[in-house]
Amino acid sequence: MRISLKLATAALVLLCSCQPNDGWQKLFNGEDLTGFKQLNGEAPYRVEDGCLIGTSVKGQPNSFMATEQEYGDFILEFEAWCDPSLNSGVQFRSLSLPNYQDGRVHGYQCEMDPSDRAWSGGIYDEARRGWLVTMIDNPAGQAAYNKTDWNSFRIEAIGISLRVWLNGVNTANLLDMETAKGFIAFQVHAIGDSDEQEGKEIKWRNIRIKTEGLEAERLKGDLAPEVNRIPNVLSAAEKEAGWKLLFDGVTTDGWRGAHKEAFPEAGWKVEDGQLIVQQSDGSESTNGGDIVTIDEYSAFELSLEFNITEGANSGIKYFVTEAEQASGSAFGLEYQLLDDARHPDAQLYTTTPGSRTLSSLYDLIPSASNRFNGIGKWNQAVIKVFPDNHVEHWMNGFKTVEYERGSDAFREAVKGSKYAAPVYNEHGNFGEAPAGHILLQDHGNEATFRSIKIRELQ
Numbered sequence: 046m047r048i049s050l051k052l053a054t055a056a057l058v059l060l061c062s063c064q065p066n067d068g069w070q071k072l073f074n075g076e077d078l079t080g081f082k083q084l085n086g087e088a089p090y091r092v093e094d095g096c097l098i099g100t101s102v103k104g105q106p107n108s109f110m111a112t113e114q115e116y117g118d119f120i121l122e123f124e125a126w127c128d129p130s131l132n133s134g135v136q137f138r139s140l141s142l143p144n145y146q147d148g149r150v151h152g153y154q155c156e157m158d159p160s161d162r163a164w165s166g167g168i169y170d171e172a173r174r175g176w177l178v179t180m181i182d183n184p185a186g187q188a189a190y191n192k193t194d195w196n197s198f199r200i201e202a203i204g205i206s207l208r209v210w211l212n213g214v215n216t217a218n219l220l221d222m223e224t225a226k227g228f229i230a231f232q233v234h235a236i237g238d239s240d241e242q243e244g245k246e247i248k249w250r251n252i253r254i255k256t257e258g259l260e261a262e263r264l265k266g267d268l269a270p271e272v273n274r275i276p277n278v279l280s281a282a283e284k285e286a287g288w289k290l291l292f293d294g295v296t297t298d299g300w301r302g303a304h305k306e307a308f309p310e311a312g313w314k315v316e317d318g319q320l321i322v323q324q325s326d327g328s329e330s331t332n333g334g335d336i337v338t339i340d341e342y343s344a345f346e347l348s349l350e351f352n353i354t355e356g357a358n359s360g361i362k363y364f365v366t367e368a369e370q371a372s373g374s375a376f377g378l379e380y381q382l383l384d385d386a387r388h389p390d391a392q393l394y395t396t397t398p399g400s401r402t403l404s405s406l407y408d409l410i411p412s413a414s415n416r417f418n419g420i421g422k423w424n425q426a427v428i429k430v431f432p433d434n435h436v437e438h439w440m441n442g443f444k445t446v447e448y449e450r451g452s453d454a455f456r457e458a459v460k461g462s463k464y465a466a467p468v469y470n471e472h473g474n475f476g477e478a479p480a481g482h483i484l485l486q487d488h489g490n491e492a493t494f495r496s497i498k499i500r501e502l503q
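Plus 45 on top of the position in the sequence shown (first one is 1) and you've got this note's numbering.
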């Protein structure tokens with residue numbers, strides 16, 4: 046029996062209409078660069094065997110092959126292969142604006158890091174806040190990347206929840222609201238003048254996207270440690286882990302002036318969810334004065350974001366007892382906040398060079414890593430004090446200082462610092478109090494704080 050072409054066509058249409066429409070669309074057609082535009086650097090891109098291929102080139106900034114269309118909520122899947130000598134990534138919810146660094150691409154990046162550091166699948170905020178999610182606390186994520194083969198990536202951007210899956214492992218679990226919508230772009234990272242890295246390739250294939258019905262499509266499985274960058278808000282996971290806000294973004298509840306009964310009437314203000322020490326004459330604690338938490342803490346993890354102005358000096362102190370009646374700032378161990386490039390204090394020290402620079406343990410131990418995002422930008426400071434008196438300073442995801450409070454090495458450092466003076470060290474045990482207040486310093490320069498939270502460690 047012969048079937049007419051018209052009847053066969055009708056049957057095919059009916060069959061297709063009965064198939065489930067899963068909503069996935071090709072982001073890249075595998076044939077040409079239709080729907081894309083190149084931004085910033087001029088590294089060459091080509092299409093070959095269904096792959097998008099970028100090639101590294103000397104003397105160019107980061108290059109991006111970006112979608113012409115912008116995307117807000119979506120799930121993006123792709124496979125990638127990166128030459129082991131290179132670094133790359135895929136931008137999402139990203140922007141290129143004339144009034145932001147002359148059109149420089151900025152926004153979230155799903156990292157591709159074949160180096161021994163192994164941070165592939167982390168989230169980097171390109172040309173903005175730097176690292177948001179590293180693999181430091183995610184060994185399973187570190188082990189997920191295959192240096193010699195293709196890797197499967199999945200980005201789930203749904204509202205404030207940003208998750209990355211690498212070869213089935215959740216490598217990033219971020220809450221953030223900096224950018225709600227933007228383009229997707231495939232990066233060829235700058236290589237400077239490296240002859241060894243020139244001409245190396247990054248390849249992407251099977252790139253598809255879904256923009257509807259996303260909640261039902263979320264991957265199930267073990268999640269990476271949650272990172273919450275929503276200002277002044279605790280997530281359900283943070284509350285369960287014992288975190289508490291020290292600043293709610295609206296009031297000064299939980300704080301008072303150092304050596305005072307109440308919060309300063311001047312010199313500090315709350316504005317737009319920020320706790321701000323106001324500019325005065327640059328003197329130490331002579332305007333509004335320092336502020337301290339009402340509660341005291343012994344073993345804890347403190348996290349906050351800070352933003353300093355040009356030439357600013359401030360600090361975060363801990364184990365502040367207020368036992369001494371200081372003429373300036375109250376005494377305690379200090380996580381230094383400083384504009385190293387402009388403030389003279391960066392060049393000063395008692396014994397140890399560099400010990401008064403940003404994120405150092407003031408006048409005692411210099412910072413081992415400067416990951417400052419810059420003046421006028423938000424930076425994250427973390428102080429960890431463990432029950433065994435091991436202490437760590439972190440800035441923007443990187444450890445900058447570690448020491449053992451009360452150890453022989455610590456006491457030797459105190460002897461070689463300004464804290465050896467009797468006014469600071471009346472009882473011979475500076476910085477060794479069993480508990481103390483958290484202090485934010487008024488050093489006469491404007492500094493802004495938000496997302497101040499703490500959890501006690503057992």
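Glycine included, C-beta positions come from ideal geometry on N, C-alpha and C.
(request) Go to Asp453, then tell me how far its alpha helix (DSSP H) extends in each direction, as first and last residue. (result) By one-based count along the sequence shown, residue 453 stands at place 408. Annotation: the continuous alpha helix (DSSP H) that includes Asp453 extends over 453-460.
(request) Assess, as a yes-or-no matter, whether the stretch 268-285 is touched by the stretch 143-160 under the definition of 3 or more beta carbon pairs within less than 8 Å. (result) Output reads no: the stretch 268-285 does not touch the stretch 143-160.
(message) Less than 8 Å between the C-beta atoms of Ser139 and Ala286, yes or no?
(response) Taking the first residue of the sequence shown as position 1, residue 139 is located at position 94. Taking the first residue of the sequence shown as position 1, residue 286 is located at position 241. For Ser139 and Ala286, no; Cβs fall outside 8 Å.
(message) Here's the rule I'm using: 16 or more other beta-carbon atoms within 10 Å means buried, otherwise exposed. How should Arg263 be labelled?
(response) Reading the sequence shown from its first residue, position 218 is the one you call residue 263. Under this definition Arg263 is an exposed residue.
(request) Closer than 8 Å by C-beta to Leu220: which residues in its own chain qualify, once you throw out the five before and the five after it? Chain order, please. (result) Taking the first residue of the sequence shown as 1, we reach residue 220 at position 175. Same-chain partners within the cutoff: Ile205, Ser206, Leu207, Glu271, Val272, Asn273, Arg274, Ile275, Ser280.
(message) Per the DSSP calculation, Arg250 is bridged to which residue(s)?
(response) Within the sequence shown, numbered from 1, the residue matching residue 250 stands at position 205. The partner list for Arg250 (beta bridge, DSSP) reads Glu124.
(message) Between which residues of its own chain and Pro89 is the CB-CB distance below 6 Å, once the five residues before and five after are set aside?
(response) For this step, residue 89 is matched to residue 44 along the sequence shown. The residues are Thr100.
(request) Answer yes if the stretch 405-412 comes into contact with the stretch 340-356, meaning at least three C-beta pairs across the two stretches below 8 Å, and no otherwise. (result) They do not touch, by the three-pair rule.
(request) Could you tell me whether the Cβ atoms of Arg500 and Lys289 are closer together than 8 Å? (result) By 1-based counting over the sequence shown, the position of residue 500 is 455. By 1-based counting over the sequence shown, the position of residue 289 is 244. Yes, these two residues count as a Cβ contact at 8 Å.
(request) Ignoring anything shorter than 4 residues or poking outside the stretch 235-297, list the alpha helix (DSSP H) runs there in chain order. (result) Every unbroken stretch of the alpha helix (DSSP H) spanning 4 or more residues and falling wholly within the stretch 235-297 is given here in chain order: 281-285.
(message) Mapping the DSSP letters down to three states, classify Gly99 as helix, strand or coil.
(response) Within the sequence shown, residue 99 is the residue found at index 54, counting from 1. DSSP places Gly99 in strand when its eight states are reduced to three.
(request) For the stretch 152-203, list the beta strand (DSSP E) runs that are entirely contained and at least 3 residues long, ordered along the chain. (result) Here the runs fully enclosed are 168-171, 175-178, 196-203.
(request) Note down the Cα distance separating Ile497 from Val102, rounded to an integer number of angstroms. (result) Working through the sequence shown from its first residue, we reach residue 497 at position 452. Working through the sequence shown from its first residue, we reach residue 102 at position 57. The straight-line gap from Cα to Cα measures roughly 43 Å.
(message) Quick test of the definition: if touching needs 3 or more C-beta pairs under 8 Å, does the stretch 304-315 touch the stretch 243-254?
(response) Look at the beta carbons and you see the stretch 304-315 not touching the stretch 243-254: under three pairs across the two are nearer than 8 Å.
(request) Check each candidate in Pro309, Leu131, Leu485 and name the one with the smallest Cα separation from Glu241. (result) Position 196 of the sequence shown, counted from the start, is the residue given in the question as residue 241. Checking every option, the nearest Cα to that of Glu241 belongs to Leu131.
(message) Can you list, in chain order, the residues of its chain with a C-beta nearer than 7 Å to that of Tyr394? Leave out the 5 residues immediately preceding and following it.
(response) Counted from its first residue, the sequence shown places residue 394 at position 349. Result list for Tyr394: Ser400, Arg401, Asp408, in chain order.
(message) With the cut-off set at 8 Å, would you say Leu484 and Gly377 are in Cβ contact?
(response) Residue 484 sits at position 439 when you count from the first residue of the sequence shown. Residue 377 sits at position 332 when you count from the first residue of the sequence shown. Between Leu484 and Gly377, the CB-CB gap stays under 8 Å.
(request) Taking the CB atoms as reference points, tell me whether Met440 and Ala426 lie closer together than 8 Å. (result) For the purposes of this step, residue 440 is identified with residue 395 of the sequence shown, where counting begins at 1. For the purposes of this step, residue 426 is identified with residue 381 of the sequence shown, where counting begins at 1. In this structure, the beta-carbon distance from Met440 to Ala426 falls below 8 Å.
(message) Please report the straight-line C-alpha distance between Ser325 and Leu347, rounded to a whole angstrom.
(response) Locating residue 325 in the sequence shown gives position 280, counting from the first residue. Locating residue 347 in the sequence shown gives position 302, counting from the first residue. Ser325 and Leu347: Cα-Cα distance of roughly 27 Å.
(request) Assign Gly148 to one of three DSSP states: helix, strand, or coil. (result) As a working mapping, residue 148 is identified with position 103 in the sequence shown. DSSP places Gly148 in helix when its eight states are reduced to three.
(message) So, with DSSP's three-state summary, where would you put Ala56?
(response) Locating residue 56 in the sequence shown gives position 11, where the first residue counts as 1. Reliability fails at Ala56, whose pLDDT of 42 lies under 50, so the model's placement of it is uncertain and the value that follows must be treated cautiously. In the structure shown, Ala56 sits in a helix (DSSP, three-state: H, G or I).
(message) If you reduce the DSSP assignment to three classes, tell me which class Gln381 lands in.
(response) Here residue 381 refers to the residue found at position 336 when the sequence shown is read from its first residue. Secondary structure at Gln381: strand, using DSSP grouped into helix, strand and coil.
(message) With distance defined between alpha-carbon atoms, name the residue in Trp423, Lys460, His234 nearest to Asn107.
(response) Reading the sequence shown from its first residue, position 62 is the one you call residue 107. Its Cα nearest to that of Asn107, the residue His234 stands out among Trp423, Lys460, His234.
(request) Express the C-alpha separation of Ser462 and Ala480 in angstroms, rounding to a whole number. (result) Start at 1 with the first residue of the sequence shown, and residue 480 comes out as number 435. Start at 1 with the first residue of the sequence shown, and residue 462 comes out as number 417. Near 22 Å, if we compare the C-alpha coordinates of Ser462 and Ala480.
(message) Spatial neighbours of Gly117 within its chain, please: C-beta separation below 7 Å, excluding the five flanking residues on both sides.
(response) Taking the sequence shown and counting its residues from 1, the one referred to as residue 117 is at position 72. The beta carbon of Gly117 is closer than 7 Å to those of Ala225, Lys226 in its chain, skipping five residues each way along the sequence.
(message) On a Cα-Cα basis, can you pick out the residue from Asp77, Tyr380, Pro159, Leu72 that is closest to Thr112?
(response) Here residue 112 refers to the residue found at position 67 of the sequence shown. With distances taken between Cα atoms, Thr112 lies closest to Leu72.
(message) Given this structure, state the Cα-to-Cα distance separating Val58 from Glu124, to the nearest angstrom.
(response) Position 13 of the sequence shown holds residue 58. Position 79 of the sequence shown holds residue 124. Residue placement at Val58 cannot be trusted, given a pLDDT of 38 that sits under 50; what the coordinates show is reported in the next sentence. Cα to Cα, Val58 sits roughly 32 Å from Glu124.
(request) Using 10 angstroms around the beta-carbon of Leu60, count the other beta-carbons present and answer buried if the total reaches 16, otherwise exposed. (result) Here residue 60 refers to the residue found at position 15 when the sequence shown is read from its first residue. For Leu60, the predicted model reports a pLDDT of 41, less than 50, meaning its position is unreliable; a value from the coordinates is still stated below. Per the 10 Å Cβ criterion, exposed.
(message) Could you tell me which whole beta strand (DSSP E) segments of length 3 or greater appear in the stretch 400-479?
(response) Qualifying beta strand (DSSP E) stretches, in chain order: 424-430, 435-440, 443-449.
(request) Using the DSSP secondary-structure output, state which residues sit across from Phe81 in a beta bridge. (result) Taking the sequence shown and counting its residues from 1, the one referred to as residue 81 is at position 36. Note: Phe81 sits in a beta bridge opposite Thr112.
(request) Check whether the Cβ atoms of Val322 and Ser359 sit closer than 8 Å, and answer yes or no. (result) Position 277 of the sequence shown, counted from the first residue, corresponds to residue 322. Position 314 of the sequence shown, counted from the first residue, corresponds to residue 359. Taking 8 Å as the cut-off, the beta carbon of Val322 is found closer than this to the beta carbon of Ser359.
(request) Label Lys245 either buried or exposed according to how many other C-beta atoms from any shown protein chain fall within 10 Å of its C-beta, with 16 as the threshold for buried. (result) Taking the first residue of the sequence shown as position 1, residue 245 is located at position 200. With 16 or more other Cβ atoms within 10 Å, it is buried.
(request) Could you tell me if Gln392 is buried or exposed, where buried requires 16 or more neighbouring beta carbons within 10 angstroms of its beta carbon? (result) Translated into the one-based positions of the sequence shown, residue 392 becomes position 347. Its Cβ having fewer than 16 others within 10 Å, Gln392 is exposed.
(request) Flag this pair as yes or no: are the beta carbons of Thr331 and Gly489 separated by less than 8 Å? (result) Here residue 331 corresponds to residue number 286 of the sequence shown, with the count starting at 1. Here residue 489 corresponds to residue number 444 of the sequence shown, with the count starting at 1. Going by C-beta atoms, Thr331 is nearer than 8 Å to Gly489.
(message) If distances are taken between C-alpha atoms only, which option among Asp158, Thr396, Trp313 comes closest to Glu457?
(response) Stepping through the sequence shown from its first residue, residue 457 is reached at position 412. The shortest C-alpha separation from Glu457 is found at Thr396.
(request) Report the residue from Gly258, Leu268, Glu437 whose alpha carbon sits nearest the alpha carbon of Pro184. (result) What you label residue 184 is simply residue 139 of the sequence shown in a count that begins at 1. When each option's Cα is compared against that of Pro184, the closest is Leu268.
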